[in-house]
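Just so we're aligned, residue 4 is where the sequence shown starts under our numbering, counting upward by one. So the structure is just underneath, and the comments pick up after that.
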Amino acid sequence: MTTTATPAAAAEPASNTALYADPTWTEGVHWGRRSRRHLIDDQSRTDRAPFLRSTVIAPHGGGIEGGTSELCLAIAGYHPADLAPTPVAGPVHDFWMFEGLMSSGNGALHVTSTHCDDTIARSLCAGSLNALSLHGCSPEQAGLESGAEAVLIGGLNPTFRQYLLEEFTAVGIRAVTASGEEEIAGISPDNICNRTLLGMGAQLEMTTALR
4 MTTTATPAAA AEPASNTALY ADPTWTEGVH WGRRSRRHLI DDQSRTDRAP
54 FLRSTVIAPH GGGIEGGTSE LCLAIAGYHP ADLAPTPVAG PVHDFWMFEG
104 LMSSGNGALH VTSTHCDDTI ARSLCAGSLN ALSLHGCSPE QAGLESGAEA
154 VLIGGLNPTF RQYLLEEFTA VGIRAVTASG EEEIAGISPD NICNRTLLGM
204 GAQLEMTTAL R
């Protein structure tokens, strides 16, 4: 992470497109993007390559919501330090992340999930059956006690949410179904996690202590 500080006149951007066009911010200095799209090669006249099942995204990575970039890479099947497939023979998934690169004030780069219009992010989600969007929150934002280690599971896909709930519970991670406002629940069709082939996905809001 660089030592660049937040420009004094910066205002929260209305969308990724607006942020990218704003001369206040410079890619590679204030913010960055990383992504990977895996090859689908269908040369058979009889068999068909399947749709990609899952894309993992971190719309508020880097210093915006700390830890979500690393978790995005790990869930997608890559080691955060060197991007080596981890485990070596394990599954890998497409991923995308937007990251704040400044030493402080990265919250000014926060674009809400319903306004995430990055073309790569949207194209990856639109070509996948599932999208898993990773976010960070405080226990207070989640309606939990101070210092709580927990994950709130939102999004419009009830089956995906249930699978996630069961998997977290099985390994001893406190998990609850998100409810209430869009910011936590991820229930808007415009939320980037719901812009999939199925029109629904899942969103994880992880408390600071858990990340």
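Backbone N, C-alpha and C define an ideal beta-carbon position, used for all residues, glycine too.
Among the options, nearest to residue i - alpha-carbon criterion
| i | options | result |
| --- | --- | --- |
| Trp34 | Asp85, Ser106 and Leu74 | Ser106 |
| Glu152 | Asn133, Glu169, Val179 and Ala173 | Val179 |
| Ser131 | Met203, Thr172, Asp25 and Gly175 | Met203 |
| Leu213 | Leu42, Ile190, Asp45 and Leu155 | Leu155 |
| Gly80 | Thr58, Tyr23, Asp44 and Thr199 | Thr58 |
| Phe171 | Met209, Glu143 and Ser141 | Met209 |
| Thr71 | Arg37, Ile43, Gln144 and Glu30 | Arg37 |
Assigned exposure category for residue i - 16 Cβ within 10 Å defines buried
| i | result |
| --- | --- |
| Ser149 | exposed |
| Arg164 | buried |
| Asp85 | exposed |
| Thr5 | Because Thr5 carries a pLDDT of 46, less than 50, the predicted location of this residue cannot be relied on, and the following value inherits that uncertainty. It counts as exposed. |
Under the three-state DSSP convention, the category residue i falls into
| i | result |
| --- | --- |
| Thr210 | strand |
| Asn109 | helix |
| Leu74 | helix |
| Asn194 | coil |
| Ala178 | strand |
| Ala205 | strand |
| Pro161 | helix |
| Glu261 | Absent from the structure is residue 261, since the part of the chain shown begins at 4 and ends at 214. |
Closer than 8 Å to chain C by CB, residue i
| i | result |
| --- | --- |
| Pro16 | Absent here is chain C; the protein component of the structure consists of one chain. |
Beta strand (DSSP E) runs contained entirely in the region 39 to 69, provided each spans 3 or more residues: 55 to 65
Inter-stretch contact (C-beta, 8 Å, three-pair minimum) for the region 190 to 197 and the region 106 to 125: yes
Cβ pair count under 8 Å reaching 3, the region 56 to 63 against the region 93 to 106: Touching, yes.
The region 87 to 97 / the region 17 to 29 touching (three or more Cβ pairs under 8 Å): no
Complete beta strand (DSSP E) runs within the region 118 to 143 (minimum length 3 residues, chain order): 131 to 140
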